[in-house]
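Below: the structure, in structure tokens.
Residue numbers (my numbering): 637 to 1161.
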């Protein structure tokens, strides 16, 4: 049979779109859940009479569960099959959502969020594996553009949906909304996903699991505790970070010994995967960390409702929708090293506006900047992920997806922690108001704290000039934090400069730098 006879089609067909629909449903559930819950944190504080630090564990617990289960995804996909594992992940996530809605204490809610995270952690890497195997290396760019829709629109649609559900119904619906989606996804997956072809010959790396999963969980626990303590010298921060880092380093040194390690770091011998992974990691730290602060600016400085704050973020999603399909198609034809730098330039240009924000910055200017950033986002994230995965053989896609998702998770957690710590430390420098003490914390109320409270309807016995000074201080604190994020965005241009600028033939794409070990996948439809 000639090469031309077995060459995969370059356009996505109905069979691939049917599979992609299942994965997109799961991705929407997983990503929307993170952003929907983020806007519900103030509601959880009042409903459960808890402090911000206590309620923040609804996010941290979910993140730690993700970090624990993601490393197992590659092995489990090979051992049990992607269809069974994906349906199990959907079931766990949906069950966790139902239990979250029944929680009557903050402790219960955190525990049920962990169960949600165990399912959510597997949805993205297994979903990416299913889609990449279905499309083959020739069409991965187009397919990544399809998967990129929920990944980029989640942070925009989440605050809108969360704000509307909380205002129109109750916080319970933040979780109940996942039940019908999960049920549809399970039925859809049963009929749409191809039959499993598991490979049970590989042994499970127990030693690797005992080092990597607890190591990632401990490290991210320490990082996630930074905003609460505002210092890396706190025992709650540096001890778990150090122990976690030592376990992860131990795993890295060990992982080259077993034939089938829990996480196959040998894949980084593939230059394209290594460069794309570093680019994605730096990009996630820079953008995703600051991205969570955009709605906070509208809420705390401009006094908008959660629904309005979400709507003001919509231009970013619109921009991403316009460029993502184009970028996906181009990624299959033009080396990403020639397109991604231009998209990153758009992100940097739009981001700069937020380094200058004040208490009355024009909404037209802010929304226009978000739109430009969205245009850049649509041409950045998915092409980089395409570059990371398209050079892998069919057997290595599951493990490559796991690597990429772990880097995304760690990068997102580090970015969020860095930006939260900077913003918190800035706000803590605000001038205390004489005679005013917070009843919950016992600490003096600052001008910044009073200004934020007043933006949400609190009536405080202070002069209007105090509120005005506090609001200006809060706006300046956001601007300083965005300046740090902007510097990290500029730093992303360094690894992006090493992305491939020449087209690699299909046979080499599949085999990569490790062609002697990786089989060239031939997709027959």
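The C-beta atom is built at its ideal place from N, Cα and C for all residues, glycine as well.
- A distance below 8 Å separates the beta carbons of residue 655 and residue 766.
- In terms of CA proximity to residue 795, 946 leads the group 1121, 946 and 1011.
- Around residue 1085, the same chain offers 1063, 1066, 1074 and 1106 as residues with beta carbons nearer than 8 Å, after the five sequence neighbours per side are excluded.
- The C-alpha of residue 901 is placed about 13 Å away from the C-alpha of residue 886.
- Where residue 699 is concerned, the enclosing alpha helix (DSSP H) starts and stops at 693 to 716.
- Taking every protein chain shown into account, the CB of residue 1032 has 16 or more other CB atoms within 10 angstroms, so this residue is buried.
- Within the same chain, and ignoring the five residues on either side of residue 828 in sequence, the residues whose Cβ sits closer than 8 Å to its Cβ are 654, 655, 657 and 658.
- In this structure the stretch 891 to 900 does not lie against the stretch 918 to 928, because fewer than three pairs of beta carbons, one per stretch, are closer than 8 Å.
- With the rule of 3 Cβ pairs closer than 8 Å, the stretch 965 to 977 does not count as touching the stretch 985 to 1000.
- Excluding its 5 nearest sequence neighbours in each direction, residue 937 has C-beta neighbours in its own chain below 7 Å: 995, 1107, 1110, 1111 and 1114, listed in chain order.
- Of the residues assessed, residue 878 falls on the exposed side of the cut-off, its CB having fewer than 16 other CB atoms within 10 angstroms.
- Across the set 685, 730 and 761, the C-alpha of 761 shows the shortest separation from the C-alpha of residue 718.
- With contact defined as three or more Cβ pairs closer than 8 Å, the stretch 976 to 990 and the stretch 1035 to 1045 are not in contact.
- When C-beta atoms of the stretch 697 to 709 are compared with those of the stretch 799 to 814, fewer than three pairs fall below 8 Å, so the two segments do not count as touching.
- For residue 869, the three-state secondary structure derived from DSSP is coil.
- Residue pairing from DSSP places residue 1068 in a beta bridge opposite 1082.
- In the three-state reduction of the DSSP assignment, residue 1073 falls in the strand class.
- Residue nearest to residue 1041 within the set 678, 720 and 710 is 710 (criterion: CA-CA distance).
- Going by DSSP, residue 840 is part of no alpha helix (DSSP H) at all; its letter is neither H nor E.
- Residue 714 and residue 1004 have their alpha carbons spaced roughly 45 Å apart.
- Distance from residue 652 to residue 825 at the Cβ level is roughly 15 Å; contact not present, criterion being Cβ atoms closer than 8 Å.
- Annotation for residue 1125: 922, 923, 983, 984 and 987 place their beta carbon closer than 7 Å to its own, counting only its chain and skipping 5 residues before and after.
- Residue 904 and residue 910 have their C-alpha atoms spaced approximately 5 Å apart.
- For the pair residue 728 and residue 748, the CB atoms are not nearer than the 8 Å cut-off.
- Straight-line spacing of the CA atoms in residue 1079 and residue 757 works out to 38 Å.
- Residue 940 carries a coil assignment under DSSP once its states are collapsed to helix, strand and coil.
- Assignment of residue 1026 by DSSP, reduced to helix, strand and coil, places it in the coil class.
- For a cut-off of 8 Å, the C-beta gap from residue 823 to residue 852 is around 33 Å, too long to register as a contact.
- DSSP, reduced to helix, strand and coil, places residue 678 within a helical segment of the structure shown.
- Residue range 1100 to 1127 is occupied by the alpha helix (DSSP H) that includes residue 1113.
- Residue 1137 sits in coil when the DSSP states are folded into three classes, being neither helix nor strand.
- DSSP places residue 993 in the coil class of the three-state scheme, outside both helix and strand.
- Each of 956, 860, 751 and 698 was checked against the Cα of residue 793, and the nearest Cα belongs to 956.
- Relative to the Cα of residue 977, the nearest Cα in the group 804, 849 and 1129 belongs to 1129.
- Residue 820 is classed as exposed because its beta carbon has fewer than 16 other beta carbons within 10 Å across all chains shown.
- Looking at the backbone, the Cα of residue 712 and that of residue 671 are separated by about 28 Å.
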